[in-house]
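The opening residue of the sequence shown carries number 12 in the working numbering; numbering runs sequentially from there. Don't be surprised by glycine CBs; every beta carbon is placed ideally from N, CA and C. Comments concern the structure below.
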Amino acid sequence: MPWGEFKDTAAERRLFQRRTVVMLVFVVLAVGGLLARMYQLQVVEHEVYTTLSDKNRVQVQSVPPPRGLVYDRNDALLAENRPVFSVTLVPERVRGMDDTLGQLGTILDISEEDRERFQRRLQEPRRPFQEIPLRYDLDEQEMARLAVHRHELPGVEVKAELVRFYPHSELTAHALGFVGRINRDELQRIDPVNYAGTNYIGKSGIERFYEEVLHGHVGYQHVETNARGRTLRVLERENPTPGEDLQLHLDLRLQQRAHELLSGRRGAIIAIEPATGGILALASVPGFDANKFVTGIGVSDYRELSSSLDKPLFNRALRGQYPPGSTVKPMLAVAALDSGATTRDYTMWDPGHFRLKEGGRVWRDWKRTGHGWVDLMDAVAESCDVYFYEIAVEMGVDTMYSYLAHFGFGEDATLDVSGALSGLLPSRDWKRAVRNEPWYPGDSVNMGIGQGFMLATPLQLATATALIANRGRWVEPRLLKDIKGDRPVEEFLPAETHEPLTLKNPEDWEYVVDTMVEVMHGAKGTARSAGRGAPYKMAGKTGTAQVFSLAEDEEYNEEEIRERLRDHALFVGFAPADNPQIAVAVIVENGGSGSGTAAPVARALFDSWLLEYGQADGALVSDIEAQVAD
Numbered sequence: 012m013p014w015g016e017f018k019d020t021a022a023e024r025r026l027f028q029r030r031t032v033v034m035l036v037f038v039v040l041a042v043g044g045l046l047a048r049m050y051q052l053q054v055v056e057h058e059v060y061t062t063l064s065d066k067n068r069v070q071v072q073s074v075p076p077p078r079g080l081v082y083d084r085n086d087a088l089l090a091e092n093r094p095v096f097s098v099t100l101v102p103e104r105v106r107g108m109d110d111t112l113g114q115l116g117t118i119l120d121i122s123e124e125d126r127e128r129f130q131r132r133l134q135e136p137r138r139p140f141q142e143i144p145l146r147y148d149l150d151e152q153e154m155a156r157l158a159v160h161r162h163e164l165p166g167v168e169v170k171a172e173l174v175r176f177y178p179h180s181e182l183t184a185h186a187l188g189f190v191g192r193i194n195r196d197e198l199q200r201i202d203p204v205n206y207a208g209t210n211y212i213g214k215s216g217i218e219r220f221y222e223e224v225l226h227g228h229v230g231y232q233h234v235e236t237n238a239r240g241r242t243l244r245v246l247e248r249e250n251p252t253p254g255e256d257l258q259l260h261l262d263l264r265l266q267q268r269a270h271e272l273l274s275g276r277r278g279a280i281i282a283i284e285p286a287t288g289g290i291l292a293l294a295s296v297p298g299f300d301a302n303k304f305v306t307g308i309g310v311s312d313y314r315e316l317s318s319s320l321d322k323p324l325f326n327r328a329l330r331g332q333y334p335p336g337s338t339v340k341p342m343l344a345v346a347a348l349d350s351g352a353t354t355r356d357y358t359m360w361d362p363g364h365f366r367l368k369e370g371g372r373v374w375r376d377w378k379r380t381g382h383g384w385v386d387l388m389d390a391v392a393e394s395c396d397v398y399f400y401e402i403a404v405e406m407g408v409d410t411m412y413s414y415l416a417h418f419g420f421g422e423d424a425t426l427d428v429s430g431a432l433s434g435l436l437p438s439r440d441w442k443r444a445v446r447n448e449p450w451y452p453g454d455s456v457n458m459g460i461g462q463g464f465m466l467a468t469p470l471q472l473a474t475a476t477a478l479i480a481n482r483g484r485w486v487e488p489r490l491l492k493d494i495k496g497d498r499p500v501e502e503f504l505p506a507e508t509h510e511p512l513t514l515k516n517p518e519d520w521e522y523v524v525d526t527m528v529e530v531m532h533g534a535k536g537t538a539r540s541a542g543r544g545a546p547y548k549m550a551g552k553t554g555t556a557q558v559f560s561l562a563e564d565e566e567y568n569e570e571e572i573r574e575r576l577r578d579h580a581l582f583v584g585f586a587p588a589d590n591p592q593i594a595v596a597v598i599v600e601n602g603g604s605g606s607g608t609a610a611p612v613a614r615a616l617f618d619s620w621l622l623e624y625g626q627a628d629g630a631l632v633s634d635i636e637a638q639v640a641d
């Protein structure tokens with residue numbers, strides 16, 4: 012068949028035309044669909060996608076408020092904020108956590124402790140896109156090395172933040188407390204809005220009690236970010252409201268003096284201003300460096316502190332519960348006079364021991380040969396145990412409990428001292444509930460010299476002593492003196508609840524004060540050596556608290572027992588006696604006698620406050636000169 016019979020040119024042309032039309036229609040429809048979609052995106056849904064775009068480009072970030080500062084009564088800075096540079100990671104933006112940590116380990120010196128702490132925080136509940144610190148306090152070289160590799164590490168940032176710093180850390184650790192990282196439990200109870208961006212919260216002491224005041228209110232800023240989430244610029248900002256600055260009654264000079272006086276020992280000193288209840292010194296020795304706890308203390312450092320036999324983390328001033336020993340005798344003297352259990356003229360013979368009944372158990376006096384004939388003045392001045400054994404039995408537990416409760420024993424009577432314990436003021440009901448036993452007369456005998464079941468904290472002893480200094484007027488101990496702003500102090504302090512202790516004969520207050528003056532300045536006063544040569548009159552009472560019990564006829568031999576089993580040395584007192592400016596309680600653990608160890612500490616503290624710091628402030632000179640003249 013010829014070649015021309017197989018080729019149909021017209022048919023091919025028609026086929027080509029049909030295909031061209033189909034393709035043209037397809038292209039027109041595709042272009043139309045694309046134009047329609049573009050119209051929908053650019054016109055119909057313009058606002059929606061503009062908003063989404065801004066959310067990718069613009070983020071709202073919280074701005075944590077600067078924490079309020081803390082000052083002492085003379086405006087010495089006790090707690091401040093210092094800038095610290097740290098490397099942080101946002102897990103949601105990190106591509107591979109293990110790889111990123113490994114690469115950071117080649118750039119920075121990251122300890123195994125840092126890694127473990129980071130992994131713990133990574134597992135804890137947290138806010139979305141919250142930064143987790145890996146290492147704190149970067150130096151300039153480390154920041155420079157990190158900046159070179161920053162583009163390789165998405166989700167890794169160098170963050171500058173204000174971190175709490177205590178310039179006198181060991182001196183003020185137990186009084187101020189410290190801040191630390193917000194933990195899981197705290198995360199559940201804090202306001203998530205106001206604490207957005209805040210990593211630290213008060214853990215103890217003033218930092219915890221006044222957390223709401225010190226924290227302030229969060230601010231916000233709108234920032235433009237790049238594709239990696241890093242901030243390019245700030246578009247809009249609402250500044251945070253800084254926390255309030257606090258001024259405390261605490262005197263840094265007296266606080267330092269208290270630590271010096273207890274240096275090398277274990278013990279506590281509380282000093283109170285009787286007129287206001289302001290705590291002038293709150294020392295618990297040994298102390299610790301509170302700065303270690305702010306960003307997270309290392310395991311080895313914490314183990315060293317927690318396992319130490321000297322218990323530096325234990326706040327002896329607020330939480331140490333000790334038998335008050337003879338320091339409770341002035342309070343019992345007030346109770347005995349007011350209840351009629353004794354009189355100023357009543358005298359008794361002290362043979363050196365006491366029995367409830369003939370042939371019964373013997374309670375010894377600290378002076379084995381006895382004090383002979385003594386009245387209440389002699390009994391306090393010489394710390395005659397037998398006299399107080401007798402009046403304790405005469406009063407009975409109910410009367411002693413009632414009066415000692417008025418002095419603040421058995422309760423936390425503070426206004427703003429976080430963590431103070433209430434000690435133990437025993438009663439009939441307490442013994443029945445706890446030991447399922449009745450109250451025996453012998454229990455009253457022991458309570459008469461501050462032994463037996465009774466326990467008190469140094470803060471409680473100082474509070475009760477201030478009540479005597481004020482002749483029955485109550486002042487609840489407090490640390491806060493002023494708010495450095497427009498808000499009144501009363502807005503932050505709890506209401507005072509204690510009524511004055513009113514005696515049937517108000518002159519009994521002066522008599523009991525005179526007995527305490529006799530302790531310091533009398534010919535037979537137990538602390539006469541500590542009071543010798545003072546240019547002012549002081550009132551005080553020594554005490555000794557047993558760490559372990561002796562058998563009935565067993566004698567005490569200090570040299571034969573280990574140091575940590577020796578008696579605690581105690582002292583309470585105030586000065587000047589006629590116009591008290593300072594009331595103190597001192598305990599030296601295992602210090603032996605109160606007269607030989609604790610009383611000289613108190614005398615040195617009185618001298619510092621009245622003769623050195625008092626004269627510098629020009630507040631006490633005239634009072635002391637008047638007493639010298641007398």
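Sub-8 Å separation of residue i and residue j beta-carbons
i: I281; j: A473; result: yes
i: Y333; j: V71; result: no
i: P251; j: P94; result: no
i: G602; j: H579; result: yes
i: F189; j: S215; result: yes
i: W485; j: P511; result: yes
i: R489; j: L504; result: yes
i: G461; j: T338; result: yes
i: Q258; j: T183; result: no
i: G254; j: G227; result: yes
i: D321; j: P297; result: yes
Residue i, buried or exposed, once every other Cβ within 10 Å from all chains shown has been counted against 16
i: W360; result: exposed
i: D440; result: exposed
i: Y211; result: buried
i: M34; result: exposed
i: T513; result: exposed
i: T353; result: buried
i: H270; result: buried
i: F27; result: exposed
i: S560; result: With a pLDDT of only 46 at S560, under 50, the local geometry of the prediction cannot be trusted, and no value is derived from it.
i: A328; result: buried
i: H417; result: buried
i: N85; result: exposed
Collapsed DSSP secondary structure at residue i in the structure displayed
i: E623; result: helix
i: S180; result: helix
i: L415; result: helix
i: L293; result: strand
i: G607; result: helix
i: M549; result: coil
i: T526; result: helix
i: A630; result: Interpretation of A630 is limited by its pLDDT of 48, a score under 50 that renders its predicted location unreliable; the figure taken from the coordinates is listed afterwards. In this structure, A630 counts as coil in the three-state DSSP scheme.
i: T555; result: strand
i: H233; result: strand
i: S455; result: helix
i: T99; result: strand
i: E255; result: coil
i: L367; result: coil
i: E172; result: strand
i: R642; result: The chain is shown only over 12 to 641; residue 642 falls outside these bounds and no answer can be derived.
i: G43; result: helix
i: N92; result: strand
i: P469; result: helix
Presumed contact (8 Å Cβ cut-off) between residue i and residue j, rounded CB distance
i: S350; j: M388; result: That pair is no contact at about 18 Å.
i: T553; j: S394; result: 6 Å
i: A431; j: T468; result: 7 Å
i: Y345; j: V523; result: Here residue 345 turns out to be Val, not Tyr, going by the sequence shown. Indeed they touch by this definition, with Cβ atoms about 5 Å apart.
i: G309; j: E124; result: 5 Å
i: V101; j: E127; result: Actually they are not in contact, since the Cβ atoms of V101 and E127 sit about 20 Å apart, beyond 8 Å.
i: L581; j: G542; result: L581 to G542, Cβ: 16 Å. No contact.
i: A403; j: L343; result: 7 Å
i: I121; j: L145; result: 7 Å
- [ ] Flag this pair as touching only if the segment 189-198 and the segment 159-171 have three or more C-beta atom pairs under 8 Å; answer yes or no.
- [x] no
- [ ] Could you say if the segment 544-551 and the segment 577-593 meet the contact criterion of at least three C-beta pairs nearer than 8 Å?
- [x] yes
Task: Cβ contact check for the segment 427-446 and the segment 370-383: 3 or more pairs under 8 Å - done: no
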